[in-house]
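Below, the structure written as structure tokens:
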């Protein structure tokens, strides 16, 4: 279970293991999606740049936080943070990821994967 690595853009496409790929966004935002399997591990990766930081929170459809971390977002290069969760840590069904940036100029990308 390795997080997607920053390359070229902030994060590459996650390939067949990907549930979600936000190629690029700026300022605070997030995503809601579905399709999580309880039988597979889940990896959330966020990359950002632009000065400041990004506070990341992932919740299952029941509203329970399953991951929380902060990424430093340097100017001129990408900072990357990730959380790896064991099978079953994210309940089956939908989930949400919130990215709360310290400034509106922070550029970020995210992936959620379930490697088999």
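Numbering (our numbering), first residue to last: 1395 to 1510.
Glycine included, each C-beta is placed from N, C-alpha and C at the ideal position.
Keep in mind it's a predicted model, so treat the numbers as computed, not measured.
- Your pair residue 1416 and residue 1426 does not check out as a contact, with CB atoms roughly 11 Å apart and the cut at 8 Å.
- For residue 1473, same chain residues with a beta-carbon under 6 Å away, outside a window of 5 residues either side, are 1442, 1465, 1466 and 1467 in chain order.
- For residue 1411, the secondary structure class from DSSP, reduced to helix, strand or coil, is helix.
- Per the Cβ contact rule, the region 1446 to 1462 is not in contact with the region 1406 to 1415 (fewer than 3 Cβ pairs under 8 Å).
- CA-to-CA, the gap between residue 1463 and residue 1410 works out to about 25 Å.
- Look at residue 1454 here: in three-state DSSP terms it is strand.
- Closest in C-alpha terms to residue 1455, from the list 1422, 1485 and 1423, comes 1485.
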